[in-house]
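Report on the structure given below.
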DNA sequence: TTTATATAATAACACTGTTATTTAATGCGC
DNA sequence: GCGCATTAAATAACAGTGTTATTATATAAA
């Protein structure tokens, strides 16, 4: 299988890595099938056939595992974005990205909840993980920068229009509370601008 | 103080009502100052000077308390909306409502997290509470119905534009996951329409 | 081979929501 | 006013949580 001898240190580190991967895969199975609340250290340890001490050695704490799932969720987003054929129409490009965004969110709602919805109490993403999250949203940013031109639009009903406005409000505020905006002093102006835009 | 005699039954019910109110006020203090994760049944019982059994008699379970806080949050939203002077400009009216929305969310982030952010694991609002939530958003719906005309807009930067698009996407998806949309089959069309609108 | 070190397992601590059991207090008929 | 039935509250327990101190066990170095 492998004829290149590796040092004991390397072997141990490699073993740790694959162990971490399998543990994260097990954790993913749990949160996908049973929700984030069903993920406990004891259960995960039991599934892996080890003690909880190993988990604490590898991940520091439960939040370390959640943090790994956090970046895993954004990695799925990144992958979905990367798999998209780049449309010639800039507006279509943005819509494609947002549709992929929604698709990933609906396919992995628990990941999405961990990413934005406070699925785990007392968890906040680390700075490195938050940076990874912003990096995963970069294609959208680039697409918007490449687009910047408009298309036609049809008139929705008042009720649907209200839901759109609510969506903007809620989305904006949620991201703000999650500290996803790089320039907090610009947030309110952007908020108003977005609302004006959605209102035709 | 009160010269109208009330039956024992009424007195007990009245006592229960004020007890529930004070308990909810205590619970609000806890989640505002220490977050939703810090709210435990034992702590709340200890603060009130009673046993946890009383809490279960009054609210059924912890989710009953959370549910009361859920409608309490939307009641604050309702109050803030009601306190607004009704602007003559329909677009300004909508902006006022959304700004009040944001203000309430930022002032009571833990309530907001309970309302939308899954702050408490395994809690989902009851049907009655969800209906109350939609009722609290009715002024926005009415304002949009009354408006339906446009205003001018200035051009934001690409980065800010991207954040706006992200906000729409996230807000939409979050509300969808929270089952706040009355017509699920229309959601995707509304989603695309909102995105097109935000893109000018 | 013996010693030092790092790793994993066991068991415990301080919590959590919830509930069964016991205890106290209350309202009602006589 | 007294005894009984019902209701409510307190105690304590159950099953679970994240985390950690302690113990034992392998592994690596001398």
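Protein chains in written order, with the working numbering: chain B, 151 to 350; chain E, 151 to 350. Every residue gets a Cβ at the ideal spot worked out from N, C-alpha and C, and that includes glycine. Computed from a predicted model, the values in this text were never measured in an experiment.
Closer than 9 Å at the beta carbon, the chain B residues around residue i
| i | result |
| --- | --- |
| residue 342/E | 245, 248 and 249 |
Exposure of residue i, with buried meaning 16 or more beta-carbon neighbours within 10 Å
| i | result |
| --- | --- |
| residue 310/E | buried |
| residue 340/B | buried |
| residue 212/B | buried |
| residue 286/B | buried |
| residue 275/E | buried |
| residue 239/B | exposed |
| residue 199/B | exposed |
| residue 188/B | exposed |
| residue 263/B | buried |
Other residues of its chain near residue i: CB distance less than 6 Å, five sequence neighbours each side excluded
| i | result |
| --- | --- |
| residue 230/B | 250 and 254 |
| residue 208/B | 170 |
| residue 347/E | none |
| residue 228/E | 286 |
| residue 173/B | 198 |
| residue 215/E | 177 and 209 |
| residue 331/B | 337 |
| residue 300/E | Confidence at residue 300/E is low in this model, with a pLDDT of 42, below 50, so the placement of that residue is unreliable and no value is reported for it. |
| residue 273/B | 213 and 216 |
| residue 334/B | none |
| residue 201/E | 195 |
Selection from the options that minimises the alpha carbon distance to residue i
| i | options | result |
| --- | --- | --- |
| residue 166/B | 195/B, 180/B and 204/B | 204/B |
| residue 220/E | 293/E, 314/E, 283/E and 325/E | 283/E |
| residue 218/B | 293/B, 344/B and 278/B | 278/B |
| residue 256/B | 331/E, 332/E, 326/E and 258/E | 326/E |
| residue 342/E | 210/B, 242/B and 198/B | 242/B |
| residue 345/E | 196/E, 318/E and 336/E | 318/E |
| residue 336/B | 293/E, 194/E, 313/E and 196/E | 313/E |
| residue 292/E | 288/B, 315/B, 280/B and 202/B | 315/B |
| residue 271/B | 168/E, 175/E and 190/E | 190/E |
Distance cut-off 7 Å: residue i Cβ against heavy atoms of the ligand COA
| i | result |
| --- | --- |
| residue 169/E | The ligand COA is not among the ligands present in this structure, which contains no ligands whatsoever. |
Per-residue contacts from residue i into chain B (C-beta, under 8 Å)
| i | result |
| --- | --- |
| residue 345/E | 244, 245 and 248 |
| residue 223/E | Those do not exist, as residue 223/E stays about 13 Å from chain B at its closest Cβ, beyond 8 Å. |
| residue 331/E | 313 |
Under the three-state DSSP convention, the category residue i falls into
| i | result |
| --- | --- |
| residue 238/B | coil |
| residue 218/B | helix |
| residue 270/B | coil |
| residue 261/E | helix |
| residue 189/E | coil |
| residue 200/E | coil |
| residue 195/B | helix |
| residue 279/B | helix |
| residue 333/E | coil |
| residue 287/E | coil |
| residue 233/B | coil |
| residue 223/B | helix |
| residue 211/B | coil |
| residue 300/E | Reliability of the predicted coordinates at residue 300/E is poor, the pLDDT of 42 falling under 50, and no value is obtained from them. |
Nonlocal neighbours in the same chain, by C-beta distance under 8 Å from residue i, ignoring five residues either side
| i | result |
| --- | --- |
| residue 304/E | Annotation note: pLDDT 49 at residue 304/E (below 50); position unreliable, no value reported. |
| residue 260/E | 181, 182, 185, 186 and 269 |
| residue 290/E | 231, 244, 247, 248 and 251 |
| residue 258/B | 182, 223 and 226 |
| residue 296/B | 240 and 243 |
| residue 288/E | none |
| residue 193/B | 180 |
| residue 168/E | none |
Cutoff 7 Å; reference residue i; Cβ partners in own chain excluding five residues on either side
| i | result |
| --- | --- |
| residue 246/B | 234 and 237 |
| residue 322/E | 341 and 344 |
Listed by chain order, chain E residues near residue i by CB distance under 8 Å
| i | result |
| --- | --- |
| residue 272/B | 185 and 187 |
| residue 336/B | 310 |
| residue 348/B | 318, 344, 347 and 348 |
Contact list for residue i against chain E, beta-carbon separation under 7 Å
| i | result |
| --- | --- |
| residue 268/B | 263, 267, 268 and 269 |
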